[in-house]
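> Handing you this structure, nothing more for now.
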Amino acid sequence: MDGLILVDKPQNFTSHDIVLKIRNILNIKKVGHYGTLDPLATGLLLLALGKATRFFPFYSTTDKVYEGLIRLGFSTDTYDSAGKPTSSEEKNYPQKDNLLKSMKKFEGEILQLPPPYSAKKYKGKPLYALVREKKEFELRPSKVFIHFFQLIKYNPPLLEFKAKCSSGTYIRSLAHDLGEGLGCRAHLSELTRTDVGNFNIKESRSIGEIKGLADAGKIDEFLIPFESLLPEFPKIILKERGSALVKNGNLVSPENIQKIILDESSSADISPEREEVFRMFSLEGKFLALAKKMPEKSCFHPFLVIDSKEADK
28 MDGLILVDKP
38 QNFTSHDIVL
48 KIRNILNIKK
58 VGHYGTLDPL
68 ATGLLLLALG
78 KATRFFPFYS
88 TTDKVYEGLI
98 RLGFSTDTYD
108 SAGKPTSSEE
118 KNYPQKDNLL
128 KSMKKFEGEI
138 LQLPPPYSAK
148 KYKGKPLYAL
158 VREKKEFELR
168 PSKVFIHFFQ
178 LIKYNPPLLE
188 FKAKCSSGTY
198 IRSLAHDLGE
208 GLGCRAHLSE
218 LTRTDVGNFN
228 IKESRSIGEI
238 KGLADAGKID
248 EFLIPFESLL
258 PEFPKIILKE
268 RGSALVKNGN
278 LVSPENIQKI
288 ILDESSSADI
298 SPEREEVFRM
308 FSLEGKFLAL
318 AKKMPEKSCF
328 HPFLVIDSKE
338 ADK
């Protein structure tokens, strides 16, 4: 079984908890998730099955969209409502204009420190483990990109927001840092992930729905087929000889290509100078590899071979 499942993760479950549930429901071992959601958070979690787990570099690094609540007035040690307060209550809440200006400052590329209680690793060990062991460590900032940080509703001490950000962004840190900048402290109260790349939460299913459909033999109603993944990349249809070359990781020249489909409604030969990633398929429609064009050699290099003997083990 190969493909993607879009799961609506409930609160108080780790991302790995969801992986285990899907393994049990579908009775398969090779399941992984693209992009961790904290136990407090709900929303869209992408699960990869079988060969789709090899696409981690593509799906795990896409932008995400979140909606949630930030509670002004005090900070916590985990930067969310699950933690212990680390400051006294501050009831001098900012005016809406000042709040909007402060939120605007976070848009664009910023340096962000991860929360002390996080899975971010320091010398091979997650930060939350070091905190529990009371060991000292140095938090290092990472560059992240905030496309927008919008105020939806403001009813002090709560503010409802929507944010689109790059992979690796901690919304808990965004909430904490906003409070520090405002001078009133803050923490994340609620969080829902609504989008991962082009996938939206409206397309997702609950664990209960997935189990019900699986028990009824209707897996195709929630499984996104492997052959339909990464549709943003042009599609190469290989001749029989080309398929054999790809399976062994060899370069593919133009004479071994049947055609190149740039999108669903047009096709072209290999004359355009294209440097992006291409999907390679057999004549029978089997997804064989991802490749990049090598203009200097007028051929394609399969850098990720899906249908190799090694991949099938």
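Residues in the sequence shown are numbered from 28 upward in steps of one, following our numbering. Ideal Cβ placement from N, Cα and C applies to all residues, glycine included.
(1) What's the C-alpha gap between Ile246 and Phe327?
(2) Quick check on the burial criterion: 16 or more other C-beta atoms within 10 angstroms. Buried or exposed for Asn225?
(3) Could you tell me whether the region 93–106 touches the region 209–224, where touching means 3 or more Cβ pairs closer than 8 Å?
(4) Give me the Cα-Cα distance between Asp35 and Ser255, rounded to the nearest whole angstrom.
(5) By alpha-carbon positions, which one of Met28, Phe314, Tyr144 ends up nearest to His203?
(6) Assuming Val46 is part of the beta strand (DSSP E), what are its boundary residues?
(7) Got a sec? Which residues, its chain only, sit under 7 Å from Ser293 by beta carbon, not counting five neighbours each side?
(8) Leu289 to Met321, Cα distance in whole Å?
(9) Report yes if the C-beta distance between Ser87 and Tyr61 is below 8 Å; otherwise report no.
(10) Quick check on this structure: which residue in Ser169, Pro112, Ser270 has the alpha carbon closest to the alpha carbon of Ser309?
(11) Please state whether the Cβ-Cβ distance between Thr63 and Ser42 is less than 8 Å.
(12) Can you tell me the Cβ-Cβ gap for Gly195 and Val223, rounded? I've got them flagged as a contact below 8 Å.
(13) Should Asn283 go down as buried or exposed, given a rule of 16 or more other Cβ atoms within 10 Å for buried?
(14) Suppose contacts are defined by Cβ-Cβ distances below 8 Å. Is Lys78 in contact with Asp44 by that definition?
(15) Just how far apart, CA to CA, sit Phe176 and Phe85?
(16) Can you list, in chain order, the residues of its chain whose CB lies under 6 Å from that of Ile55, leaving out five sequence neighbours each side?
(17) Nearest CA to the CA of Ala316: which residue from Pro281, Leu257, Lys324, Ser325?
(18) Could you give the C-beta distance for Glu187 and Ile179, rounded to a whole number, given that I count them as a contact under 8 Å?
(19) Alpha carbon to alpha carbon, how far is Asn51 from Pro37? Give it in angstroms, no decimals.
(20) If the criterion is Cβ atoms closer than 8 Å, does the pair Ala190 and Leu201 meet it?
(21) For the beta strand (DSSP E) holding Phe305, just list the boundary residues, first then last.
(22) Apart from the five residues on each side of it in sequence, which residues of its chain come closer than 7 Å, Cβ to Cβ, to Lys123?
(23) Taking DSSP as the reference, what is the three-state secondary structure of Met28?
(24) Under the rule that 16 or more other beta-carbon atoms within 10 Å means buried, what is Phe330, buried or exposed?
(25) Find the nearest neighbour of Lys264 within the set Phe314, Val332, Lys128, judged by alpha-carbon distance.
(26) Please name the residue or residues paired with Ile333 in a DSSP beta bridge.
On the basis of the supplied data:
(1) 35 Å
(2) exposed
(3) yes
(4) 21 Å
(5) Tyr144
(6) It is not in any beta strand (DSSP E) - Val46 instead sits in the alpha helix (DSSP H) that spans 42–53.
(7) Residue placement at Ser293 is flagged as unreliable, the pLDDT there being 43, under the threshold of 50; the coordinate-derived value follows with that caveat. Once the five neighbours on either side are set aside, Ser293 has no close Cβ partner at all.
(8) Taking the straight line joining both Cα atoms gives about 17 Å.
(9) A contact, by the Cβ cut-off of 8 Å.
(10) When each option's Cα is compared against that of Ser309, the closest is Ser270.
(11) Closer than 8 Å, so yes.
(12) In fact, because the Cβ distance is near 13 Å, the residues do not count as touching under 8 Å.
(13) Buried.
(14) no
(15) 24 Å
(16) Met28
(17) Leu257
(18) 4 Å
(19) Going from the Cα of Pro37 to the Cα of Asn51 covers about 17 Å.
(20) yes
(21) 304–308 is the extent of the beta strand (DSSP E) around Phe305.
(22) Tyr181
(23) Three-state DSSP puts Met28 in coil, outside helix and strand.
(24) Classification of Phe330: exposed, given that the 10 Å Cβ count is below 16.
(25) In the sequence on display, residue 264 carries Ile and not Lys. Residue Phe314 holds the alpha-carbon nearest to the alpha-carbon of Ile264 among Phe314, Val332, Lys128.
(26) BP columns for Ile333 are empty, so no partner.
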